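Trainee: Residues in the sequence shown are numbered from 346 upward in steps of one, following our numbering. Note that beta-carbon positions come from the ideal geometry of N, C-alpha and C, so glycine has one too. These numbers come from a predicted model, not from an experiment. Quick one: structure below, then a few questions.
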Amino acid sequence: MPETIALAFIPFLFTLIIRYRHYFLLFYRAVLVRRLQDCLTGISREERAFQYVLTHAIPGDPHHILETFDQWCYHCEYLSNVGPHKGKILDRLIYENTPLTVLELGTYCGYATILMAQGLPMGARLYTVEMDPRNAAVAEKVELIVGASEEVIPQLKEKHGLLKADFVFMDHWKRCYLRDLQLLEAHVGMGRDGVPSLCLPEAGNGQQGMDHFDDSLFCSFPLGQLALATVGRQDTGLDGSLV
Ligand SMILES: C[S@@+](CC[C@H](N)C(=O)[O-])C[C@H]1O[C@@H](n2cnc3c(N)ncnc32)[C@H](O)[C@@H]1O
346 MPETIALAFI
356 PFLFTLIIRY
366 RHYFLLFYRA
376 VLVRRLQDCL
386 TGISREERAF
396 QYVLTHAIPG
406 DPHHILETFD
416 QWCYHCEYLS
426 NVGPHKGKIL
436 DRLIYENTPL
446 TVLELGTYCG
456 YATILMAQGL
466 PMGARLYTVE
476 MDPRNAAVAE
486 KVELIVGASE
496 EVIPQLKEKH
506 GLLKADFVFM
516 DHWKRCYLRD
526 LQLLEAHVGM
536 GRDGVPSLCL
546 PEAGNGQQGM
556 DHFDDSLFCS
566 FPLGQLALAT
576 VGRQDTGLDG
586 SLV
C-alpha cells in the first residue's frame, strides 16, 4: 500500500521537475557546483572568475574583458552579472542618455560597471556602491564606494561629492529598491533639470548563463517627480506608480 502511494507521486514529481527545471538548474549551478568548487579550490567563485579574466582577457580592452566574463559564465560557473543580453539594453540607455554622473547600486564583480564606464562621455563620473568589500573592480571613470547603500546614499553629497545623479542603475537586492529610491530622493540631486533616468533590472530572473531566464527588460524613464518603474515580477513594491 505505501508503495502504491509512493508510485502515484512519481508522475507528480516528474511534472514538478520539468515545470521548475530552470530553478533546479540554477540551484545546481549556483549552489551545489559553487560549494564543491569552493572546497576544491579554496577560493571564492568571484576570485576564480577574476583569475580567469586576468589570465584570458586583453588588459585595458573593456569589450574583451566583458566577453571573457561571459565565456566564464557560459562555460564554467554562474555569476549574477547583468550579462550580455540585458547589458545591451544598459549600453543603449547609457548611449541615449549620455549621463555625466551615474550611480550604480550593487557592483559585484564590476561587469555592469565596466560596461557603463566604457560608454560614458569624457569627464563623466560613475559611482558604484558595494557592501561586500570582496566584490570590487575599478576603472578610470569609476569611484568605488564600499558600504551598504543605506549608509552610503546619505553621505554621497558631503563625503563623495556626488551632487546629482543623471542616471541610476539599481542592481543590488531588490528588497532595498524602494527604500533606496526614497533615500536618493531625500539625499541626492536627481538628474539634469531634475530629470534622472532610473534602471531597475528585474532581479532574480535573468541570470547570466541562464538564457531561459533572460526575459526581463530594463527601464529608463524620464522622471519628473521620480516616477518609479520596474519590469517583470511586481514584488519590489515599485509597480510603476508615481511616488
Ligand atoms: C546582482 S549583484 C550586482 C551585479 C552587477 N550590477 C553587475 O551586473 O555586474 C548584487 C550586488 O549588490 C550587493 N548589494 C546588495 N545589497 C546591497 C546594499 N544594500 N548596499 C550595497 N550593495 C549591496 C551585493 O553584495 C552584490 O554584490
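1) Could you tell me which of 531, 442, 423 and 466 sits nearest to residue 380, measuring between CA atoms?
2) For residue 463, which residues from the same chain have a beta carbon less than 6 Å from its beta carbon, with the 5 sequence-adjacent residues on both sides left out?
3) Does residue 386 pass the burial test, meaning 16 or more other C-beta atoms within 10 Å, or should it be called exposed?
4) Between the Cα of residue 492 and the Cα atoms of 476, 504, 503 and 502, which residue gives the shortest distance?
5) Compare the C-alpha of residue 514 against each of 505, 526, 508 and 506 and name the closest.
6) Can you find the residues in the same chain that come closer than 8 Å, C-beta to C-beta, to residue 528, ignoring five residues on each side of it along the sequence?
7) Hey, would you say residue 397 sits closer than 8 Å to residue 426, going by beta carbons?
8) Measure the C-alpha to C-alpha separation of residue 392 and residue 487 and round it to an integer number of angstroms.
9) Please tell me whether, using a cut-off of 7 Å, the distance from the CB of residue 488 to the nearest non-hydrogen atom of ligand 1 is below it.
10) Do you know how far the Cα of residue 374 is from the Cα of residue 349?
11) Please classify residue 467 as buried or exposed, where buried requires at least 16 other C-beta atoms within 10 Å of its C-beta.
12) Could you please give me the residues that DSSP links to residue 534 through a beta bridge?
13) With a threshold of 6 Å on Cβ separation, who are the neighbours of residue 378 within its own chain once the five nearest residues in sequence on each side are excluded?
14) Just mark residue 365 as buried or exposed, buried being the case when its beta carbon has 16 or more other beta carbons within 10 Å.
15) In terms of residues, what are the limits of the alpha helix (DSSP H) holding residue 623?
16) Taking only the alpha-carbon atoms, compute the straight-line gap between residue 583 and residue 519 and give it to the nearest angstrom.
Mentor: Short version:
1) Taking the sequence shown and counting its residues from 1, the one referred to as residue 380 is at position 35. Minimum Cα distance to residue 380 is reached at 423.
2) Indexing the sequence shown from 1 puts residue 463 at position 118. Hits under 6 Å: 407.
3) Position 41 of the sequence shown, counted from the start, is the residue given in the question as residue 386. By the neighbour-count rule (16 or more Cβ atoms within 10 Å), residue 386 is not buried but exposed.
4) To locate residue 492, count along the sequence shown from 1; it is residue 147. Comparing Cα-Cα distances from residue 492 to each of 476, 504, 503 and 502, the minimum goes to 476.
5) Working through the sequence shown from its first residue, we reach residue 514 at position 169. Looking at the Cα atoms, 526 is the closest of the given residues.
6) Position 183 of the sequence shown, counted from the first residue, corresponds to residue 528. Cβ within range, chain order: 494, 495, 498 and 499.
7) The residue labelled residue 397 in the question sits at position 52 within the sequence shown. The residue labelled residue 426 in the question sits at position 81 within the sequence shown. Going by C-beta atoms, residue 397 is not nearer than 8 Å to residue 426.
8) Numbered from 1 along the sequence shown, position 47 holds the residue referred to as residue 392. Numbered from 1 along the sequence shown, position 142 holds the residue referred to as residue 487. Those two C-alpha atoms are separated by around 21 Å.
9) The residue given as residue 488 occupies position 143 in the sequence shown. Outside the cutoff, so no.
10) The residue labelled residue 349 in the question sits at position 4 within the sequence shown. The residue labelled residue 374 in the question sits at position 29 within the sequence shown. Each residue's Cα considered, the two are about 34 Å apart.
11) Locating residue 467 in the sequence shown gives position 122, where the first residue counts as 1. Looking at its Cβ environment, which holds fewer than 16 other Cβ atoms inside 10 Å, residue 467 is exposed.
12) Along the sequence shown, read from residue 1 onward, the residue named residue 534 stands at position 189. Paired residue(s): 509.
13) Stepping through the sequence shown from its first residue, residue 378 is reached at position 33. Correct list: empty, nothing qualifies.
14) Residue mapping note: residue 365 aligns to position 20 of the sequence shown, counting from 1. Classification of residue 365: exposed, given that the 10 Å Cβ count is below 16.
15) The question about residue 623 has no answer here: the residues shown for the chain are numbered 346 through 588.
16) On the sequence shown, position 238 is the one that residue 583 refers to. On the sequence shown, position 174 is the one that residue 519 refers to. Summary for residue 583: the model assigns pLDDT 34, below 50, so the residue's position carries little reliability, and this model does not support an answer.
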